[in-house]
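Participant: Top line first, the protein sequences correspond to chains X and V.
Under the working numbering, the residues of the first sequence are numbered 45 to 362, in order.
Under the working numbering, the residues of the second sequence are numbered 45 to 362, in order.
First the structure, which I've put down as structure tokens, then a few questions once you've had a look.
2 protein chains.
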Amino acid sequence: MTVTSADVARHAGVSRSTVSQILNGHGHRFPASTRDRVQAAASELGYQPSAAGRALVRGASDIVVALIPDMTVGPTLQEFLNGLTDDLARHGLTLLLRLASASPESTERMITGLRPAAVMSMLPVSPRLRECIEGLGVRLVEPGRPGDRDVNVEIGYAQALHLIERGYRRVAYACLRDKRQDIFAGQREQGVARACERHGLPRPEVVRLALCVDEAIAQLRALETGTAVACYNDDVAAALLGGCRELDLRVPRDIALAGTADTPIARLSVPAITTFGYALGPAVSEASREIIDALSGDGHLPAFPPGFEIRLVQGGTT
Amino acid sequence: MTVTSADVARHAGVSRSTVSQILNGHGHRFPASTRDRVQAAASELGYQPSAAGRALVRGASDIVVALIPDMTVGPTLQEFLNGLTDDLARHGLTLLLRLASASPESTERMITGLRPAAVMSMLPVSPRLRECIEGLGVRLVEPGRPGDRDVNVEIGYAQALHLIERGYRRVAYACLRDKRQDIFAGQREQGVARACERHGLPRPEVVRLALCVDEAIAQLRALETGTAVACYNDDVAAALLGGCRELDLRVPRDIALAGTADTPIARLSVPAITTFGYALGPAVSEASREIIDALSGDGHLPAFPPGFEIRLVQGGTT
DNA sequence: CGCCTTCGGTGACGCGTGTCAACCTGTACT
DNA sequence: AGTACAGGTTGACACGCGTCACCGAAGGCG
Chain X
45 MTVTSADVAR
55 HAGVSRSTVS
65 QILNGHGHRF
75 PASTRDRVQA
85 AASELGYQPS
95 AAGRALVRGA
105 SDIVVALIPD
115 MTVGPTLQEF
125 LNGLTDDLAR
135 HGLTLLLRLA
145 SASPESTERM
155 ITGLRPAAVM
165 SMLPVSPRLR
175 ECIEGLGVRL
185 VEPGRPGDRD
195 VNVEIGYAQA
205 LHLIERGYRR
215 VAYACLRDKR
225 QDIFAGQREQ
235 GVARACERHG
245 LPRPEVVRLA
255 LCVDEAIAQL
265 RALETGTAVA
275 CYNDDVAAAL
285 LGGCRELDLR
295 VPRDIALAGT
305 ADTPIARLSV
315 PAITTFGYAL
325 GPAVSEASRE
335 IIDALSGDGH
345 LPAFPPGFEI
355 RLVQGGTT
Chain V
45 MTVTSADVAR
55 HAGVSRSTVS
65 QILNGHGHRF
75 PASTRDRVQA
85 AASELGYQPS
95 AAGRALVRGA
105 SDIVVALIPD
115 MTVGPTLQEF
125 LNGLTDDLAR
135 HGLTLLLRLA
145 SASPESTERM
155 ITGLRPAAVM
165 SMLPVSPRLR
175 ECIEGLGVRL
185 VEPGRPGDRD
195 VNVEIGYAQA
205 LHLIERGYRR
215 VAYACLRDKR
225 QDIFAGQREQ
235 GVARACERHG
245 LPRPEVVRLA
255 LCVDEAIAQL
265 RALETGTAVA
275 CYNDDVAAAL
285 LGGCRELDLR
295 VPRDIALAGT
305 ADTPIARLSV
315 PAITTFGYAL
325 GPAVSEASRE
335 IIDALSGDGH
345 LPAFPPGFEI
355 RLVQGGTT
């Protein structure tokens, strides 16, 4: 049923350890003829090494676990993960996903039991989990350290910059009231604030709301006419847009809105919401390279790579 | 660094095999005193069995792989996966996720190498992957067989039924032109058609569009006034709603719209879109029970469980 | 010839676990 | 006393793999 390295060895007429060495990068010790025989036998039999056997003898598995934040996994993130999966697969690594919102104990048990080659988190991990991971000697790939580019800061900055360039002098920042859903809000707000500061504008007012039109109305009442709002995401922008309609506020003249994430809701609103999409495409190769480097050399802990592109999708709300 | 069963054995003053037996459900052979000593030693040392060692000797790992369809993973699915994760963890199983859109070869390699206890797919798997999985003797949990409840058929049915009850006599079904994004369309359309048939209405017209307002306008021009449209999801409904606005069609008088999935876009539209949410909550325990049953007994291949709740969220579009 | 080196290849070990036949020690029964 | 039996415990094995010391043969050199 299962093809083991012993089967390959028999089929190639060599010993199992020869097979193991050739298939693990030590082939240079053997003449080409032997190498070819073994390779041929392996592919003919469809040999696939047992992850368990490998992991047992090497002390760590070939699995890389990605901790997925508690947020909507849309096309952007999906494409990133897809690319990363294939990239790592090319290096013999297996990417598997885990929701970060699963119970901490079960995640901890999973890590200690599985001994992944690396754990990649898209958000800073809890101190306890970090301790668990590092105590086990498992590599941890985390979001960039201070000083690195931060995609969320830059998105906030791009939003605010765009609004300022369009001539708005009053900039506000709108995010979700429920902070659990709002995992990037801090960084984005920081980006908005930084852009305002650099252009001599006062610190942006921060508006918090839940995702419904009624709350949007309440918040809009408190805003001065002429304010441009950088929104945490397109949903927030849509809520405010709906509120503007109910209040008969003209968009973008009375209130301007900039969203984030380039989701369908932005395109489908009337008017379409000006939004900032980002592609993590460039990050794929960087991320896999960082992981692979960290696993081969005993280098420092790599940071979640800063490769990304932000692009403006101009709509009618700014 | 790592605590092994040998450490536990030493600490408890028994042999390693005693530890193994007690920790694997064969404790009834031992007196309570021994059991307690071993349990105490295990928890005191924080013993966590090596997944690799287990997998090696048992021929299959404790990992359950869930194949995630190529779609947005929103709160509904996330909650389901979270619950399943914890539920399975309680039975010693580890749920890990994998994007179904990753390259087939890498997924195949992952399965053969990892030998998961089970693979759960939310969509029918490709014949080739099925062959790979079943050839390995790995359990496959798939969407329900014909005859089972199908959440997507029922959603379509509920949409159409609602529209019919509201008095509409012309029912259409709108879905995405790009079929790759439209993985459930067939079933939902089937549900809509069934409801129409049962109520003596003609077979529903099917409208295909890409997610933009322009396409919606084009499709709306071809629809008769007074048509009620069951939409594949809230995005489609939003696009049509935007189109109606541009064409000055009154909603719901000229065109009625029913969405699906209960996403923010439905709540945030003006008027709010009538939509059908579904909760997979009840499916969690069913799913884990099915998986566990299938793994303990050598029963038949279980089907993806039909436990779910559909609820109407009344908006202003019907 | 005797010694050393290189090439090609192998046997044996250990990773951590679950299982199971076998063993030991009482105790009950014949 | 001898036998049967049950309860409690253990040693040994196998799972599939990577590694590494080691070995035989061939060749070079003094």
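Virtual Cβ for every residue (Gly too), placed ideally from N, Cα, C.
Just so you know, these numbers come straight off a predicted model, no measurement behind them.
Applying the 10 Å Cβ sphere with the 16-neighbour rule, what's the burial state of Ser61/X?
Facilitator: Counting from one through the first sequence, the residue named residue 61/X turns up at place 17. Burial call: exposed.
Participant: As a quick exercise: from Thr269/V, Ala281/V, Ala239/V and Arg238/V, pick the residue whose alpha carbon is nearest that of Val257/V.
Facilitator: Position 213 of the second sequence, counted from the first residue, corresponds to residue 257/V. Minimum Cα distance to Val257/V is reached at Ala281/V.
Participant: Is Met164/V close to chain X? Criterion is C-beta to C-beta, closer than 8 Å.
Facilitator: Position 120 of the second sequence, counted from the start, is the residue given in the question as residue 164/V. Cβ-Cβ to chain X under 8 Å: no for Met164/V.
Participant: Between the region 112-137 of chain X and chain V, which residues of the former have a C-beta closer than 8 Å to a C-beta of the latter?
Facilitator: Ile112, Asp114, Thr116, Val117, Gly118, Pro119, Gln122, Leu125, Asn126, Thr129, Asp130 and Ala133
Participant: With a CB to CB cut of under 6 Å and the five nearest residues on each side skipped, what residues in its chain are close to Ala85/V?
Facilitator: For the purposes of this step, residue 85/V is taken as the residue at position 41 of the second sequence. Val52, His55 and Ala56.
Participant: Out of Gln263/X, Ile199/X, Gly360/X and Asn277/X, state which residue places its alpha-carbon closest to the alpha-carbon of Asp226/X.
Facilitator: Position 182 of the first sequence, counted from the start, is the residue given in the question as residue 226/X. When only C-alpha atoms are compared, the closest one is Asn277/X.
Participant: Do you know how far the Cα of Gln231/V is from the Cα of Ala204/V?
Facilitator: By one-based count along the second sequence, residue 204/V stands at place 160. By one-based count along the second sequence, residue 231/V stands at place 187. Using only the alpha carbons, I get a separation of about 13 Å.
Participant: Are the C-beta atoms of Val357/V and some chain X residue less than 8 Å apart?
Facilitator: Numbered from 1 along the second sequence, position 313 holds the residue referred to as residue 357/V. Not a single CB atom of chain X sits nearer than 8 Å to the CB of Val357/V.
Participant: Count the other CB atoms within 10 Å of the CB of Thr116/X; is the residue buried (16 or more) or exposed (fewer)?
Facilitator: Along the first sequence, one-based indexing puts residue 116/X at 72. Counting Cβ neighbours within 10 Å, Thr116/X comes out buried, since at least 16 surround it.
Participant: Answer yes or no: does any C-beta atom of chain V fall closer than 8 Å to that of Gly97/X?
Facilitator: Counting from 1 along the first sequence, the entry for residue 97/X is found at position 53. So yes, Gly97/X belongs to the interface.
Participant: Pro148/X versus chain V: which residues are under 8 Å apart at the beta carbon?
Facilitator: For the purposes of this step, residue 148/X is taken as residue 104 along the first sequence, with counting starting at 1. Within chain V, no residue comes near Pro148/X; the closest Cβ sits about 11 Å away, beyond 8 Å.
Participant: Tell me the rounded alpha-carbon separation between Pro346/V and Leu245/V.
Facilitator: Taking the first residue of the second sequence as 1, we reach residue 346/V at position 302. Taking the first residue of the second sequence as 1, we reach residue 245/V at position 201. Confidence at Pro346/V is low in this model, with a pLDDT of 44, below 50, so its placement is unreliable and no value can be given for it.
Participant: At least one CB of chain V closer than 8 Å to the CB of Val314/X: is that the case?
Facilitator: Taking the first sequence and counting its residues from 1, one reaches residue 314/X at position 270. Yes, Val314/X counts as interfacial toward chain V.
Participant: Just checking: is the beta-carbon of Gln92/X within a distance shorter than 8 Å of some beta-carbon in chain V?
Facilitator: Start at 1 with the first residue of the first sequence, and residue 92/X comes out as number 48. True, the Cβ-Cβ gap to chain V drops below 8 Å.
Participant: Quick one: which chain V residues come within Cβ less than 8 Å of Ala282/X?
Facilitator: For the purposes of this step, residue 282/X is taken as the residue at position 238 of the first sequence. Going along chain V in sequence order, the residues near Ala282/X (Cβ under 8 Å) are Pro308, Ile309, Leu312 and Ser313.
Participant: To the nearest angstrom, report how far apart Ala302/X and Leu339/X are at their CA atoms.
Facilitator: Working through the first sequence from its first residue, we reach residue 302/X at position 258. Working through the first sequence from its first residue, we reach residue 339/X at position 295. If you take the alpha carbons of Ala302/X and Leu339/X, they lie about 41 Å apart.
Participant: Do Val295/V and Thr319/V have their C-beta atoms closer together than 8 Å?
Facilitator: One-based indexing of the second sequence puts residue 295/V at position 251. One-based indexing of the second sequence puts residue 319/V at position 275. Contact: no.
Participant: Output the distance between the C-alpha atoms of Leu121/V and Leu324/V, rounded to the nearest integer angstrom.
Facilitator: By 1-based counting over the second sequence, the position of residue 121/V is 77. By 1-based counting over the second sequence, the position of residue 324/V is 280. If you take the alpha carbons of Leu121/V and Leu324/V, they lie about 7 Å apart.
Participant: Closer than 7 Å between beta carbons: that is the criterion. Which residues of the region 247-262 of chain V meet it against chain X?
Facilitator: Leu255, Cys256 and Val257
Participant: Kindly indicate if chain V contains any beta-carbon less than 8 Å away from that of Asp51/X.
Facilitator: Numbered from its first residue, the first sequence carries residue 51/X at position 7. Chain V, which has no Cβ nearer than 8 Å to the Cβ of Asp51/X, makes this no.
Participant: Let me check one thing: in DSSP terms, what residues is Arg214/V bridge-paired to?
Facilitator: One-based indexing of the second sequence puts residue 214/V at position 170. The partner list for Arg214/V (beta bridge, DSSP) reads Thr271/V.
Participant: Mind pulling the beta strand (DSSP E) runs of 3 or more residues that sit fully within the region 244-310 of chain V?
Facilitator: With a minimum length of 3 residues, the continuous beta strand (DSSP E) runs that stay inside the region 244-310 of chain V are 249-253, 271-275 and 299-304.
Participant: Pick helix, strand or coil for Ile199/X, following the three-state DSSP scheme.
Facilitator: Translated into the one-based positions of the first sequence, residue 199/X becomes position 155. Residue state, collapsed to three classes: helix.
Participant: Please determine if the region 69-81 of chain V and the region 121-141 of chain V are in contact, where contact requires at least 3 C-beta pairs separated by less than 8 Å.
Facilitator: no
Participant: Reducing DSSP to helix, strand and coil, say where Leu345/X ends up.
Facilitator: Taking the first residue of the first sequence as position 1, residue 345/X is located at position 301. Note that Leu345/X scores 43 on pLDDT, short of 50, meaning its location in the model is unreliable; the coordinates nonetheless yield the value given after this. Leu345/X: coil per DSSP, three-state reduction.
Participant: For His206/V, is the classification buried or exposed, using 16 other Cβ atoms within 10 angstroms of its Cβ as the cut-off for buried?
Facilitator: The residue labelled residue 206/V in the question sits at position 162 within the second sequence. So His206/V counts as buried.
Participant: Establish whether the CB of Thr156/V and some CB of chain X are separated by less than 8 Å.
Facilitator: As a first step, residue 156/V must be located in the second sequence, where it is residue number 112. Closer than 8 Å: yes.
Participant: In the DSSP assignment, find the unbroken beta strand (DSSP E) run with Phe320/V in it and report its ends.
Facilitator: Counted from its first residue, the second sequence places residue 320/V at position 276. Here the beta strand (DSSP E) through Phe320/V covers Thr318 to Ala323.
Participant: Quick one, are the C-beta atoms of Ile66/V and Val47/V less than 8 Å apart?
Facilitator: As a position in the second sequence, residue 66/V is number 22, starting the count at 1. As a position in the second sequence, residue 47/V is number 3, starting the count at 1. No, the Cβ-Cβ distance between Ile66/V and Val47/V is not below 8 Å.
Participant: If you count every other CB in all the chains shown that lies within 10 Å of the CB of Met45/X, and 16 or more means buried, which is it?
Facilitator: Within the first sequence, numbered from 1, the residue matching residue 45/X stands at position 1. Exposed, since its Cβ has fewer than 16 Cβ neighbours within 10 Å.
Participant: For Ala239/X, which residues from the same chain have a beta carbon less than 7 Å from its beta carbon, with the 5 sequence-adjacent residues on both sides left out?
Facilitator: For the purposes of this step, residue 239/X is taken as the residue at position 195 of the first sequence. If we look at Ala239/X and ignore the five residues flanking it on each side, its Cβ neighbours are Tyr201, Ala204, Leu205 and Ile208.
Participant: So with CB distances below 8 Å, who are the chain X contacts of Ser145/V?
Facilitator: In the second sequence, the residue the question calls residue 145/V occupies position 101. Ordered by position in chain X, the residues that pass the 8 Å Cβ test against Ser145/V are Gln122 and Asn126.
Participant: Assuming Val215/X contacts Ala272/X under a Cβ cut-off of 8 Å, what Cβ separation, rounded to an integer in Å, is found between them?
Facilitator: Position 171 of the first sequence holds residue 215/X. Position 228 of the first sequence holds residue 272/X. So it is a contact: roughly 5 Å between Cβ atoms.
Participant: State buried or exposed for Thr269/V, treating a residue as buried only when at least 16 other CB atoms are found within 10 Å of its CB.
Facilitator: As a working mapping, residue 269/V is identified with position 225 in the second sequence. Flag for Thr269/V reads exposed.
Participant: So, at 8 Å on beta carbons, what are the nonlocal neighbours of Leu180/X in its own chain, with the 5 sequence-adjacent residues on each side left out?
Facilitator: Translated into positions along the first sequence, residue 180/X becomes position 136. Around Leu180/X: Ile155, Thr156 and Arg159.
Participant: Nearest-angstrom Cα distance between Val58/X and Val169/X?
Facilitator: What you label residue 58/X is simply residue 14 of the first sequence in a count that begins at 1. What you label residue 169/X is simply residue 125 of the first sequence in a count that begins at 1. Each residue's Cα considered, the two are about 48 Å apart.
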